[in-house]
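In what follows, a structure is listed as C-alpha cells, so that the remarks can point back to it.
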Amino acid sequence: MGKTISEKILSKASNSDAYAGDIVVANIDFAMAQDGTAPLTIKALEEMGVDKVWDNKRIALVFDHNAPSPSEGVSKLHAMMRNWGRKQGVILYDVGSGVCHQLLPEQGHVPPGGVVVGADSHTCTYGALGAFATGIGSTDMAVVFASGKLWFRVPETLLVMVEGKLPEGVYAKDIVLTVIGKVTASGANYMAVEYAGNTVRDLSVEARMTLCNMAVEMGGKTGIVAPDSKTIQYVEERMAKNQYQIFSSDSDADYIKRLEIDATDLVPVVACPHEVDNVKPVSEVEGTSVDQVYIGTCTNGRIEDLRIAAKVLKNQKIKPITIITPASREVYLQALKEGLIEIFVKAGAVVCNPGCGPCVGTHQGIPSPGYTVVSTANRNFKGRMGSDEAEIYLASPHTAAVAAVRGKITDPRSYP
Amino acid sequence: MIRGRVWKFPNDVNTDYIIPGKYKFKTLDMNELAKHAMEGIDPDFAKKVEKGDIIVAGKNFGMGSSREQAPLVLKYAGVSLVIAEDFARIFYRNAFNVGLPVLICREINEKVDQGDILEVDLRSGKIVNATKKVEISASPIPDFLLEMVEVGGLAEYYKKYRKFPWEKG
Chain H
241 MGKTISEKIL
251 SKASNSDAYA
261 GDIVVANIDF
271 AMAQDGTAPL
281 TIKALEEMGV
291 DKVWDNKRIA
301 LVFDHNAPSP
311 SEGVSKLHAM
321 MRNWGRKQGV
331 ILYDVGSGVC
341 HQLLPEQGHV
351 PPGGVVVGAD
361 SHTCTYGALG
371 AFATGIGSTD
381 MAVVFASGKL
391 WFRVPETLLV
401 MVEGKLPEGV
411 YAKDIVLTVI
421 GKVTASGANY
431 MAVEYAGNTV
441 RDLSVEARMT
451 LCNMAVEMGG
461 KTGIVAPDSK
471 TIQYVEERMA
481 KNQYQIFSSD
491 SDADYIKRLE
501 IDATDLVPVV
511 ACPHEVDNVK
521 PVSEVEGTSV
531 DQVYIGTCTN
541 GRIEDLRIAA
551 KVLKNQKIKP
561 ITIITPASRE
571 VYLQALKEGL
581 IEIFVKAGAV
591 VCNPGCGPCV
601 GTHQGIPSPG
611 YTVVSTANRN
621 FKGRMGSDEA
631 EIYLASPHTA
641 AVAAVRGKIT
651 DPRSYP
Chain X
112 MIRGRVWKFP
122 NDVNTDYIIP
132 GKYKFKTLDM
142 NELAKHAMEG
152 IDPDFAKKVE
162 KGDIIVAGKN
172 FGMGSSREQA
182 PLVLKYAGVS
192 LVIAEDFARI
202 FYRNAFNVGL
212 PVLICREINE
222 KVDQGDILEV
232 DLRSGKIVNA
242 TKKVEISASP
252 IPDFLLEMVE
262 VGGLAEYYKK
272 YRKFPWEKG
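Sequence lines, in order, name chains H and X.
Going by my numbering, the letters in the first sequence line up with residues 241 to 656, in that order.
Going by my numbering, the letters in the second sequence line up with residues 112 to 280, in that order.
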C-alpha cells in the first residue's frame, strides 16, 4: 500500500515501515523551545538529572513571546534561559530576532523530509517545507533535548485539495480559514493536514506557511505540503543539499478524509469571536466598528504580508490603533529596504520589534474590554490578547489593513 | 482508585481558558499559577475546587497552545483526573508527562452531572458514578502512559529508571 508524505518521513526517521496508527520512536532533526515553554523544559531536564544536551547544534531557544520583557518575572526567566543556553552552547535567538516559526525556516533549521519539533503548538508551520513538524510540550521537549528522540503516533492524513485560480483580494489566510470553518476546531484532531492542488503550487513558500501554521486550529498534528521547485529554491539558499530529502505522497496513499476546495469560489473571510472555526464571509460582518488592528505573527508577519498591508496603507491615515510586527529581523530589514516601514509609520501605525507582539496577550497592545480587534494572528479565543471582553476577528493582512484605514470591517475587494 | 467530585465543562475548552497567557509567562511557581486555573471559563474555579476533584468535559479538551502549564495548573489546583469525550493531542501528551491522568470516555456527559461523586479505576478504565449508582467504561490508558503517570510523570519516571517508558530493556 502507498504511503502519505507523513508516513514516509516518520518511517525514515524511525528506521521502520510505518503506517498511520503505528507508534514509532523517531530521530529528531531539529528542536526548538520559546520563552513561554523553555523554562519548564530546562526545569524538567534538571529534575531528570540531565546536564548535557544530545546535540547543541540542533537545538534553538527563541525569545519571542515576551520580548523585550514586560516584567521582572519574565526577565528572570529570560536570564535563566540565556545562562543555561550559553552553558550548553545551543543556538540562542535573543530578543529582537523574531518569531520562532519564521526564524527556523528562514535560518535553515528545517530540512525537507526531516522531523522538527517545537515546544509551541504552531510548529506545524514548517510542514510548508515538506518536513514533518509538530508542537510538543515542555517535558516532551526535555526528552528530545536529552536524547534526540521522541515517540509519535503516526497520524492519519486529511487531504485538502485546492484547485483553481484565487480571486483578487483572496489569500492563503482566506483558504485556511475557510478550511477550518468546514473541518471545525476538532475535525482534524491527531491528523496530518496535507495541502495539495494547483492553487497550493501557485502559492509562495511563505503563503504555504500560513496554510500549515493553522493546521493546529483544526486539531491537526501537522500541516504539510510536498516540496516542489519553489521549496527547493527556498531551502537551497539556506542549507546544504545533503541535509535534506524530498518526499511526496504516493498516488495510492490512504487518506482518512478528503476535502476539495474550488479556489475560484473563495471569498475574503474572517474568523469571528471567540472561535477560530466561526468563519464568515467578510461581507456578512461588514461595517463592524474596529478599535484596534494587528498585523504580524507567525501566521502573517512575513515580507509578502507586509507588502500587501503597505499597498493599502500607502498615503493613508489609520483610524484605529494599528500595530505592525515584522516576523523576524530579516523581514524587518527587508521591509525597511523596500520603504514599507516608512509607509506604516507615516500612516500612523506603531511598528514593534520582531516577535509575537500582542498575539498572546502579555504586552505590546492589550486591547481594552469592549474593543474590537482585527488581527492577522491564528487564535481569537476569549482572553487571548489579554482582555476577556475584547472581540477578536482573524483576517488576512489585506482585510486587516483595509480595516485600519476604514475603521470598520470592510470587504477588501471593494477597496479603495 | 481515584474518588472525587465532578466539575463539568463544555466542548473545546482551550488552553487560554485553562491558564490565560497573561499569567503563564510570568513564573514557574505552579502554586501561584494554580490560583488562575480555568479562570478564562470559570473565574472562581480555583477557589471552589478541592483536592481530588474531577473535571468532566466534552470534546477536544485542551485545544490550542502547547503550554504544559495547562495540565500543571489543574494538577496543582487539586484536580485528580480529567475525563473528556476526547482531547486535543498536545494536551493529552502533556497531561501524562506531568502526572495528571486523563481518560477518554464518549458517554461521560450523559451519565454524569455537576457535583456527582465518581470512583475511577485507571487501570481498567472503570468509572462508577457513586451518586447515580451507574457504571461507565472509559477507553483504557496505554500501558506505558499508565506506568508514567503512576510514578508522577515523565521526568519522575526517567529519574527513577534512567530510561524512557518506550525504551526497551
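Every residue gets a Cβ at the ideal spot worked out from N, C-alpha and C, and that includes glycine.
Buried or exposed by the 16-neighbour rule on C-beta atoms within 10 Å, applied to residue i
{"i": "H/MET625", "result": "buried"}
{"i": "X/LYS133", "result": "buried"}
{"i": "X/MET174", "result": "buried"}
{"i": "H/SER309", "result": "buried"}
{"i": "H/MET321", "result": "buried"}
{"i": "H/TYR611", "result": "buried"}
{"i": "H/ASN620", "result": "buried"}
{"i": "H/TYR484", "result": "buried"}
{"i": "H/LEU390", "result": "buried"}
Whole-angstrom distance between residue j and residue i, CA atom to CA atom
{"i": "H/GLU312", "j": "H/ASN323", "result": "16 Å"}
{"i": "H/ALA253", "j": "H/ALA260", "result": "14 Å"}
{"i": "H/VAL440", "j": "H/ILE420", "result": "16 Å"}
{"i": "X/LYS119", "j": "X/GLU150", "result": "14 Å"}
{"i": "H/LEU399", "j": "H/CYS538", "result": "23 Å"}
{"i": "X/GLY226", "j": "X/LEU214", "result": "18 Å"}
{"i": "X/ASP164", "j": "X/GLY263", "result": "17 Å"}
{"i": "H/ALA549", "j": "H/GLY623", "result": "26 Å"}
{"i": "X/ILE219", "j": "X/ILE166", "result": "11 Å"}
{"i": "H/CYS512", "j": "H/TYR655", "result": "21 Å"}
{"i": "X/PHE207", "j": "H/SER378", "result": "12 Å"}
{"i": "H/ARG393", "j": "H/ALA300", "result": "25 Å"}
{"i": "H/VAL416", "j": "H/THR450", "result": "8 Å"}
{"i": "H/VAL264", "j": "H/PHE487", "result": "19 Å"}
{"i": "H/ASP295", "j": "H/GLY325", "result": "12 Å"}
{"i": "H/THR662", "j": "H/THR528", "result": "Residue 662 of chain H lies beyond the range of chain H shown here (241 to 656); nothing can be said about it."}
{"i": "X/ILE113", "j": "H/ARG569", "result": "51 Å"}
{"i": "H/GLU403", "j": "H/LYS292", "result": "49 Å"}
{"i": "H/VAL465", "j": "H/THR471", "result": "9 Å"}
Identity of the residue in the options nearest residue i by Cα
{"i": "H/PHE584", "options": "H/THR612, H/VAL533, H/GLU631 and H/ASP628", "result": "H/VAL533"}
{"i": "H/ARG298", "options": "H/VAL314, H/LEU280, H/ALA278 and H/GLY329", "result": "H/GLY329"}
{"i": "H/ALA436", "options": "H/ASN429, H/GLY409, H/ALA425 and H/PRO467", "result": "H/PRO467"}
{"i": "H/SER636", "options": "H/SER444, H/VAL510 and H/LYS520", "result": "H/VAL510"}
{"i": "H/ALA266", "options": "H/THR562, H/ALA258 and H/GLY588", "result": "H/ALA258"}
{"i": "X/VAL124", "options": "H/HIS514, H/ILE558 and H/LYS554", "result": "H/HIS514"}
{"i": "X/VAL190", "options": "X/ARG178, X/LYS270, X/MET174 and X/LEU211", "result": "X/LEU211"}
{"i": "H/ASN453", "options": "H/ASN255, H/LYS470, H/GLU434 and H/ALA640", "result": "H/GLU434"}
{"i": "H/ALA587", "options": "H/TYR572, H/MET381, H/VAL645 and H/SER608", "result": "H/VAL645"}
{"i": "H/MET540", "options": "H/ALA373, H/ASP304 and H/THR616", "result": "Sequence check: residue 540 of chain H is Asn here, not Met. Nearest of H/ALA373, H/ASP304 and H/THR616 to H/ASN540, Cα basis: H/THR616."}
{"i": "H/VAL657", "options": "H/ASP531, H/ASP505, H/LEU280 and H/ASP269", "result": "Limits of chain H in this structure are 241 at one end and 656 at the other, which puts residue 657 of chain H out of reach."}
{"i": "H/ALA641", "options": "H/LEU546, H/ASN255 and H/TYR572", "result": "H/LEU546"}
{"i": "H/VAL507", "options": "H/GLU408, H/GLN342 and H/PRO351", "result": "H/GLU408"}
{"i": "X/THR138", "options": "H/PHE303, H/SER523, H/SER315 and H/GLY338", "result": "H/SER315"}
Neighbourhood of residue i by C-beta distance below 7 Å, restricted to the same chain and skipping five residues each side
{"i": "X/GLN180", "result": "ILE130, LYS135 and LEU144"}
{"i": "H/LYS361", "result": "Checking the displayed sequence, the identity of residue 361 of chain H turns out to be Ser instead of Lys. Excluding positions up to five away in sequence, the list reads GLY375 and VAL456."}
{"i": "X/LYS146", "result": "ALA157"}
{"i": "H/VAL591", "result": "ILE564, ILE581, PHE584 and VAL585"}
{"i": "H/LYS405", "result": "ALA503 and THR504"}
Beta bridge counterpart(s) of residue i as assigned by DSSP
{"i": "H/ALA640", "result": "None; H/ALA640 has no bridge partner."}
{"i": "H/THR612", "result": "H/GLU631"}
{"i": "H/ASN267", "result": "H/LYS389"}
{"i": "H/LYS648", "result": "H/SER529"}
{"i": "H/ARG498", "result": "H/LEU399"}
{"i": "H/THR462", "result": "H/ALA432"}
{"i": "X/VAL193", "result": "X/ILE166 and X/VAL213"}
{"i": "H/GLY358", "result": "H/MET272 and H/GLY375"}
{"i": "H/PRO521", "result": "H/VAL509"}
{"i": "H/THR562", "result": "H/VAL533"}
Contacts around residue i, its chain only, beta-carbon distance under 8 Å, and the 5 residues preceding and following it disregarded
{"i": "X/PRO276", "result": "PHE255, LEU256, GLU258, MET259, LEU265 and TYR268"}
{"i": "H/LEU443", "result": "ALA412 and LEU451"}
{"i": "X/ASP127", "result": "GLY151, GLY175 and SER176"}
Other residues of its chain near residue i: CB distance less than 6 Å, five sequence neighbours each side excluded
{"i": "H/TYR411", "result": "SER636"}
{"i": "H/GLY658", "result": "Absent from the model: residue 658 of chain H. The displayed extent of chain H is 241 to 656, so no value can be given."}
{"i": "X/VAL172", "result": "Looking at the sequence shown, residue 172 of chain X is not Val but Phe. Once the five neighbours on either side are set aside, the close Cβ partners of X/PHE172 are VAL124, ALA195 and PHE198."}
{"i": "H/GLY605", "result": "ILE563 and PRO598"}
{"i": "H/THR244", "result": "THR397, SER489 and ALA493"}
{"i": "H/GLY208", "result": "Because chain H spans 241 through 656 in this model, residue 208 of chain H falls outside it and cannot be assessed."}
{"i": "X/PRO182", "result": "ASN205, ALA206, VAL209 and LEU211"}
{"i": "H/ASP531", "result": "PRO560, TYR611 and THR612"}
8 Å Cβ cutoff, residue i in contact with chain B
{"i": "H/LYS461", "result": "Among the protein chains of the structure shown, namely H and X, there is no chain B."}
Check: residue i C-beta below 7 Å from any heavy atom of the ligand FMN
{"i": "X/TRP118", "result": "With respect to the ligand FMN, the structure offers nothing, as it holds no ligand at all."}
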